[in-house]
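A short worksheet on the structure shown next.
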């Protein structure tokens with residue numbers, strides 16, 4: 028797969044088929060992760076692939092408990108704002124996101140593969156999220172969809188379930204559910220570049236117009 | 028460029044030519060960043076491209092001050108360990124890394140392009156480092172080398188220099204120097220997969236052998 032196609036179309040895929048992800052595909056996904064950069068090339072990371080349905084069964088209720096708390100707090104305010112103007116593009120996007128998150132939570136037990144990532148306590152994310160994103164991009168090339176979730180991070184019971192050493196200072200930084208999607212990959216909605224970037228100062232004019240995605244095609 | 032080639036060969040490139048990076052190339056690098064995922068698709072990020080040599084001139088001494096402190100503290104212990112066994116592969120790798128970091132620090136003023144990334148205070152990195160890594164991968168496809176540095180993060184004088192709003196809670200999370208490299212891109216050294224990953228538990232057997240990179244070729 029072309030790099031730019033992957034960078035533009037690896038959107039969150041939460042509706043996944045229960046079909047297993049073959050071992051050689053898992054290997055290519057996981058192997059790509061370790062070639063990402065890390066501070067001083069320390070590679071202070073640890074990954075766990077989970078494809079045991081018995082573990083997924085235990086994770087399901089835990090995930091729903093965690094995402095419930097998130098939906099109750101973080102999402103609630105946004106949802107109220109959306110309810111005031113239910114037909115705005117923002118409200119419709121949020122509603123789609125809610126439905127998709129809810130679907131994934133309710134079908135957690137049938138997700139065929141999870142990639143858990145651990146990093147040292149106190150990490151800033153700079154030496155682990157590039158590796159996780161590499162795995163997600165490599166998955167995209169295999170037709171495997173994924174979502175980056177941090178909702179299970181605080182759950183020490185999950186760490187115990189996965190046999191994470193308790194005295195070495197590792198913390199969970201992400202759980203990435205993976206599987207073949209029911210829908211199609213596509214370019215997601217994003218803010219225009221000019222609203223999130225500047226040249227030589229915070230809001231200095233960029234010198235190019237990029238309100239539309241520069242893929243496919245690279246016309247400015 | 029093929030996705031897997033990019034994932035395996037986007038190693039840190041610190042020896043850069045002063046040649047400018049054309050505007051259309053910059054646009055493709057920056058545009059790729061915004062299609063990375065972020066929590067709730069909030070896109071709470073801000074990027075600044077810096078190609079003004081006057082700014083690079085101010086940044087040079089600041090970077091050298093910061094990296095000096097890092098070299099003095101963090102690197103010192105590793106360097107001492109290396110000095111005890113100077114011919115080990117680890118010692119030689121560390122020495123190469125030191126030389127390369129030192130080279131970049133001494134030539135900071137002639138770096139043609141920087142990508143600064145900002146995120147909300149208290150962020151865990153999950154919603155910003157995928158975007159930064161996307162930019163670095165997109166740069167790779169253009170033949171542009173880069174390094175992810177977090178050394179300037181604490182420097183509020185840099186934020187002021189770049190006109191970062193002071194009362195909106197933004198923090199610098201990375202500065203990525205970019206330019207055409209003098210050397211060649213290649214697959215970097217990494218630990219064998221089995222030492223940093225497990226299946227269904229921390230050190231559960233992966234079920235495949237991946238001590239060698241699974242690229243080029245995807246034989247297991």
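Protein chains in written order, with the working numbering: chain V, 28 to 247; chain L, 28 to 247.
We put the beta carbon where it would ideally sit given N, CA and C, even for glycine.
Considering only residues of the same chain and omitting the five flanking positions on each side of residue i, which have a CB-CB separation below 8 Å?
i	result
residue 120 of chain V	216
residue 28 of chain L	167 and 168
residue 192 of chain V	none
residue 91 of chain L	132, 133 and 135
Hey, could you find the ends of the alpha helix (DSSP H) residue i is sitting in?
i	result
residue 62 of chain V	Premise fails: residue 62 of chain V is in no alpha helix (DSSP H) and is neither H nor E.
residue 155 of chain V	From DSSP, residue 155 of chain V is part of no alpha helix (DSSP H); its letter is neither H nor E.
residue 125 of chain V	116 to 133
residue 185 of chain V	183 to 188
residue 36 of chain V	30 to 36
Please report the residue range of the beta strand (DSSP E) in which residue i lies.
i	result
residue 237 of chain V	Careful: residue 237 of chain V lies outside any beta strand (DSSP E) and carries neither H nor E.
residue 73 of chain V	73 to 77
residue 226 of chain L	224 to 226
residue 13 of chain L	What the structure shows of chain L is the stretch from 28 to 247, and residue 13 of chain L is not part of that stretch, so it cannot be assessed.
residue 201 of chain L	197 to 206
residue 144 of chain V	140 to 147
What does the alpha-carbon distance come out to for the pair residue i and residue j?
i	j	result
residue 96 of chain V	residue 143 of chain V	21 Å
residue 233 of chain V	residue 155 of chain L	20 Å
residue 55 of chain V	residue 41 of chain V	21 Å
residue 238 of chain V	residue 186 of chain V	42 Å
residue 247 of chain L	residue 236 of chain L	Summary for residue 247 of chain L: the model assigns pLDDT 48, below 50, so the residue's position carries little reliability, and this model does not support an answer.
residue 170 of chain L	residue 84 of chain L	24 Å
residue 118 of chain V	residue 64 of chain L	19 Å
residue 136 of chain V	residue 225 of chain L	20 Å
residue 219 of chain V	residue 230 of chain V	13 Å
residue 198 of chain V	residue 210 of chain V	33 Å
residue 52 of chain L	residue 204 of chain L	15 Å
residue 159 of chain L	residue 194 of chain V	32 Å
residue 86 of chain L	residue 133 of chain V	51 Å
residue 98 of chain L	residue 173 of chain L	20 Å
residue 207 of chain L	residue 165 of chain L	13 Å
residue 39 of chain L	residue 109 of chain V	43 Å
residue 59 of chain V	residue 32 of chain V	17 Å
residue 34 of chain V	residue 242 of chain V	9 Å
residue 162 of chain L	residue 189 of chain L	20 Å
residue 150 of chain V	residue 138 of chain V	28 Å
residue 102 of chain V	residue 102 of chain L	43 Å
residue 79 of chain L	residue 227 of chain V	6 Å
residue 73 of chain V	residue 152 of chain V	13 Å
residue 223 of chain L	residue 30 of chain V	26 Å
residue 76 of chain V	residue 82 of chain L	45 Å
residue 124 of chain L	residue 240 of chain V	36 Å
residue 88 of chain L	residue 221 of chain V	30 Å
residue 100 of chain L	residue 145 of chain L	26 Å
residue 214 of chain V	residue 44 of chain V	21 Å
residue 104 of chain V	residue 122 of chain V	13 Å
residue 93 of chain L	residue 107 of chain L	21 Å
residue 61 of chain V	residue 61 of chain L	23 Å
Cutting at 6 Å between CB atoms, please list the residues of its own chain near residue i, excluding the five before and the five after it.
i	result
residue 127 of chain V	41
residue 212 of chain V	36
residue 200 of chain V	144, 146 and 155
Less than 7 Å between C-beta atoms, sequence neighbours within five positions excluded: which residues of the same chain meet that for residue i?
i	result
residue 130 of chain L	41 and 42
residue 157 of chain V	63 and 64
residue 202 of chain V	141, 143, 176 and 179
residue 196 of chain L	147 and 148
Item to check | chain V contacts from the region 80 to 94 of chain L (Cβ-Cβ distance under 8 Å) | outcome: 82
Checklist entry - Are the region 180 to 198 of chain V and the region 35 to 51 of chain V touching, with three or more C-beta to C-beta distances below 8 Å? => result no
Item to check | Under 7 Å (Cβ pairs) to chain L, residues found in the region 151 to 165 of chain V | outcome: 151, 152, 153, 156, 157, 160, 161, 164 and 165
Item to check | the region 196 to 222 of chain L: positions lying closer than 8 Å to chain V by Cβ | outcome: Taking 8 Å as the Cβ-Cβ cut-off against chain V, the residues of the region 196 to 222 of chain L that qualify are 200, 201, 214, 215, 216, 217, 218 and 220.
Next on the checklist: Give me the subset of the region 108 to 136 of chain V whose CB atoms are less than 8 Å from a CB atom of chain L, sorted by chain position.
Outcome noted: Those would be 120 and 124, in chain order.
Item to check | Stretch pair the region 67 to 78 of chain L + the region 108 to 117 of chain L: three plus CB contacts closer than 8 Å | outcome: no
Checklist entry - Closer than 7 Å, Cβ to any Cβ of chain L: which residues of the region 173 to 198 of chain V, in chain order? => result Flagged, chain order: 175, 177, 189, 190, 191 and 192.
Next on the checklist: If the cut-off is 9 Å on Cβ atoms, which residues from the region 29 to 46 of chain V count as contacting chain L, listed in chain order?
Outcome noted: Answer set for the region 29 to 46 of chain V: 29, 30, 31, 32, 33, 34, 35, 36, 37, 38 and 39.
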